[in-house]
Each structure stands twice: as C-alpha cells, then as structure tokens.
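Chains as they are written, first to last, in our numbering: chain A, -14 to 103; chain B, 119 to 229.
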C-alpha cells in the first residue's frame, strides 16, 4: 500500500512476555519515528531513525525497549518482559526527510498497534 | 514531558457552533503543526505554520501562529459532526528535529 503499515493492529500479552511490533514506512522515506500514546494522551516520542541509523532513543522508557531498522526501511520495536504500564498504542510515523533547525516535514502515521498487557 | 499545553482538554458542542482550541508553550518553535486523529487511526496532518503571525485557512478551519512563535490557535467555524476527533499540535524547538506533541483537545460535535 501507499501508506505506513503497522502490524499487528492488536496485541494481547501476558505480563513478562516479549513482544515485537512491526512498521513498514512509506517507500523512500528517510526518517522513521516511534511514539507511544496512552489513552487520552498525545503521542510521546520513543525513538528516531534516519535510514538505518538510530539517531535518538532518549524517549525509550527502559532498557526493556529496543528498536531497530537494519536496512533502512522496515522497523521493529521490541519490548522485553512486558509490564502492565506498557499497555498503550504504539504509533510509527515516517517522513521524507527531517532537517535541522526545528523545522520538520509532514509525518505520515500508521494506524498503530494497540498493546494490552494482562 | 509535554512542552506544549493544549486547551481545552475536552469540548462537546452542537453542530453549527464555532470553537477555538489553543496550543501554548514557553518555548519558541521554528514551526508548528496541527493534526487530527480519529479513533483507531494515526494522526493526520492538517497544517504547518512557520512564520510568526501567520494565518492559514483550510475550508472552515483557521490556524494562527503567535507573533512570538510560542503559541497557536485553531478556530473552526460552523462545526460539523465530521470534525469530531482529537486535535493535536506538534512542534520542535531548540534546533531539535523531533516533533513533540501536546496532550490534545478531544472534540465531539453533536448533530
């Protein structure tokens, strides 16, 4: 498809289980962002890739969270030993390029993966 | 930590009414974006404002960027049920290229 694709749409995990969330960005988009959105809140930044390079991971809440984009296209967000507080919608966004100086390009978001940890 | 404060948090109005939502910060932004998010979907960009004092119109939606580039507003004229959704502002400051989002304003327009 032409848009950002995320899978799975819904994931139910038992506490302590590992999960992997996938993001297929728009072809050719250099920048890829992961955000976490709790119910009733705005998206919170997790990590940013420019091609295969992870340039910023300051938003990852703990060392249980890990993200990769090995070939500069598809990205995977992995959460180890899930906890109930990890329950949220995980959004992926891509853009053609994000420059410096605080100006950024249009972000194209996927529909998200809703993670529920029981 | 949200650097952008949005108000009101919730808004429930009747079709045909006008409304304004606000996005405020103590930081100066080089540019600011407004998104609308519907349930079960990701945010969709409505507009980007770049210049202080800039006003942009998108049909019944009017966006304004403050002169000091610290705040922005979104005004909707004659709201329709299709305007229902979560309105988010996003900006990057201090040379960062990572967009930070506000908490959003949840709008419900009743027919």
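The C-beta atom is built at its ideal place from N, Cα and C for all residues, glycine as well.
Near residue i, what residues of its chain come up, given a Cβ to Cβ distance below 8 angstroms and the 5 sequence neighbours on each side ignored?
{"i": "residue 165/B", "result": "151, 152, 174, 176, 179 and 181"}
{"i": "residue 52/A", "result": "19, 31, 32, 34, 39, 42, 45, 60, 61, 62 and 63"}
{"i": "residue 16/A", "result": "33, 34, 35, 79, 80, 81, 82, 83 and 90"}
{"i": "residue 120/B", "result": "Any reading at residue 120/B must be qualified, since the residue scores a pLDDT of 47, below 50, and its modelled position is unreliable; the value itself is stated next. Excluding positions up to five away in sequence, the list reads 218, 219, 220 and 221."}
{"i": "residue 170/B", "result": "183, 184, 185, 186 and 187"}
Taking a contact to mean a Cβ-Cβ separation below 8 angstroms, would you say residue i touches residue j in this structure?
{"i": "residue 211/B", "j": "residue 167/B", "result": "no"}
{"i": "residue 64/B", "j": "residue 96/A", "result": "Nothing in the structure corresponds to residue 64/B, since chain B is present only between 119 and 229."}
{"i": "residue 67/A", "j": "residue -6/A", "result": "no"}
{"i": "residue 231/B", "j": "residue 142/B", "result": "Absent from the structure is residue 231/B, since the part of chain B shown begins at 119 and ends at 229."}
{"i": "residue 161/B", "j": "residue 223/B", "result": "no"}
{"i": "residue 227/B", "j": "residue 191/B", "result": "no"}
{"i": "residue -3/A", "j": "residue 10/A", "result": "no"}
{"i": "residue 156/B", "j": "residue 197/B", "result": "no"}
{"i": "residue 49/A", "j": "residue 65/A", "result": "yes"}
{"i": "residue 209/B", "j": "residue 130/B", "result": "no"}
Answer with yes or no whether the minimum CB distance from residue i to chain A is below 8 angstroms.
{"i": "residue 243/B", "result": "As shown, chain B starts at 119 and ends at 229. That puts residue 243/B outside it, with no answer to give."}
Residues in the same chain with beta-carbon distance under 6 angstroms from residue i, minus the five sequence neighbours each way, listed in chain order, please.
{"i": "residue 74/A", "result": "22, 97 and 99"}
{"i": "residue 87/A", "result": "The predicted model places residue 87/A with a pLDDT of 49, which falls under 50 and marks its position as unreliable, so this point remains unresolved."}
By the criterion of Cβ-Cβ separation under 9 angstroms, what are the contact partners of residue i in chain A?
{"i": "residue 221/B", "result": "25, 26 and 27"}
{"i": "residue 137/B", "result": "In chain order: nothing, as chain A lies at least about 19 angstroms away."}
Applying a beta-carbon distance threshold of less than 7 angstroms, which residues of chain A neighbour residue i?
{"i": "residue 158/B", "result": "96"}
Less than 8 angstroms between CB atoms is the rule here; does residue i satisfy it with respect to chain B?
{"i": "residue -5/A", "result": "no"}
{"i": "residue 50/A", "result": "no"}
{"i": "residue 71/A", "result": "no"}
I want to see whether chain E comes within less than 8 angstroms of residue i, judged by CB atoms only; does it?
{"i": "residue 126/B", "result": "Looking for chain E here will not work: the only protein chains present are A and B."}
Show which residues of chain B have a CB atom less than 9 angstroms away from the CB atom of residue i.
{"i": "residue 76/A", "result": "160 and 161"}
{"i": "residue 91/A", "result": "151, 163 and 166"}
Inset, instruction - May I ask you to list, following chain order, the residues of the stretch 196 to 219 of chain B that have a beta carbon less than 9 angstroms from some beta carbon of chain A? - result: 204, 206, 207, 208, 209, 210, 211, 212, 213, 214, 215, 216, 217, 218 and 219
Legend entry - Residues within the stretch 30 to 58 of chain A neighbouring chain B, beta-carbon criterion of under 7 angstroms: 30, 33 and 41
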